[in-house]
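Below is one structure; the comments refer to it alone.
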Amino acid sequence: MINEISLALTSIKSATDIIKGLVNLKTEAAVTEKVIDLQSIILDLHSHINLLNTEFSKVLSEKKSFEDELNNINDWSVEKQKYIMAEIDAKVFVFVHKDYLESKVETYWLCAHCFEGKRLKSIYQLKKDEGYQKIYYCPSCKNEIIIKDPNYSLADHIKTSGRRFSWVDKY
Ligand SMILES: [Zn+2]
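Residues in the sequence shown are numbered consecutively from 0, following numbering that gives the first Met the number 0.
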């Protein structure tokens, strides 16, 4: 781009010199010759300005994408402050809203992998309820977590599902 600016300025300087010199030319042939030179310089100038315009548009576009990226980083920094990592089961870590820790109200869990790696709030969804444990999955990275139910009683479950007591006695 700097090179194109320099070439454009050189062309303008050459055109100016020719125009100044036209007054002193004695013959029509000499004037015609200089006019042809002038046309060539103007064509070059046009070409340099077109290239400059293209490169300038590219620079503006890059500037916009840097600004967008910066805004995303700033927005994420603010958003990230609202969450904290929590161990919701033995060695099972997720991000939860800070309000959840204070109020203990049921909340959604965010995938730690997506939260830290992709700056993405991906909410765990229930995949399978097996009674004694529930399996949740992250819709974004497909990571799965297993949450055991500490209150689950196999004996109670078997009773309510109509199995024979003799089977329960074995356990
Ligand atoms: Zn994920």
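Just so it is clear, CB atoms sit at the ideal spot from N, CA and C, and this is done for glycine as well.
Can you grab the Cα-Cα spacing for the pair residue i / residue j, in whole Å?
{"i": "S139", "j": "L59", "result": "33 Å"}
{"i": "Q38", "j": "E66", "result": "42 Å"}
{"i": "K33", "j": "K25", "result": "12 Å"}
{"i": "Y27", "j": "I18", "result": "The sequence given here has Glu at residue 27, not Tyr. Near 15 Å, if we compare the C-alpha coordinates of I18 and E27."}
{"i": "K169", "j": "Y135", "result": "Residue confidence for K169 is low, a pLDDT of 43 falling below 50, so the modelled location carries little weight and cannot support an answer."}
{"i": "S10", "j": "H47", "result": "9 Å"}
{"i": "Y123", "j": "K117", "result": "15 Å"}
{"i": "K137", "j": "C110", "result": "Going by the sequence as given, residue 137 is Cys instead of Lys. When rounded, the distance between both Cα atoms is 6 Å."}
{"i": "F164", "j": "Y151", "result": "Low per-residue confidence applies at F164: pLDDT is 47, beneath 50, and the placement is therefore not dependable enough to give any value."}
{"i": "E86", "j": "W108", "result": "11 Å"}
{"i": "W75", "j": "E68", "result": "10 Å"}
{"i": "K79", "j": "H112", "result": "14 Å"}
{"i": "K147", "j": "E129", "result": "9 Å"}
{"i": "I145", "j": "A89", "result": "10 Å"}
{"i": "T106", "j": "I72", "result": "25 Å"}
{"i": "V167", "j": "K133", "result": "Any reading at V167 must be qualified, since the residue scores a pLDDT of 46, below 50, and its modelled position is unreliable; no value is offered."}
{"i": "K12", "j": "K57", "result": "27 Å"}
{"i": "V30", "j": "H45", "result": "22 Å"}
Any heavy atom of ligand 1 closer than 7 Å to the Cβ of residue i?
{"i": "H171", "result": "Summary: the structure shown does not reach residue 171, with the chain confined to residues 0 through 170, and so no result is reported for it."}
{"i": "S186", "result": "Missing from the structure shown is residue 186; the chain here goes from 0 to 170 and no further."}
{"i": "H47", "result": "no"}
{"i": "N70", "result": "no"}
{"i": "N142", "result": "yes"}
{"i": "S56", "result": "no"}
{"i": "S139", "result": "yes"}
{"i": "S121", "result": "yes"}
Below 8 Å between beta carbons: does that hold for residue i and residue j?
{"i": "F92", "j": "F114", "result": "no"}
{"i": "L51", "j": "A14", "result": "no"}
{"i": "K126", "j": "E101", "result": "no"}
{"i": "Y82", "j": "K62", "result": "no"}
What I want to know is whether the C-beta of residue i ends up closer than 7 Å to one or more non-hydrogen atoms of ligand 3.
{"i": "S64", "result": "Ligand 3 is absent from the structure shown, which contains only ligand 1."}
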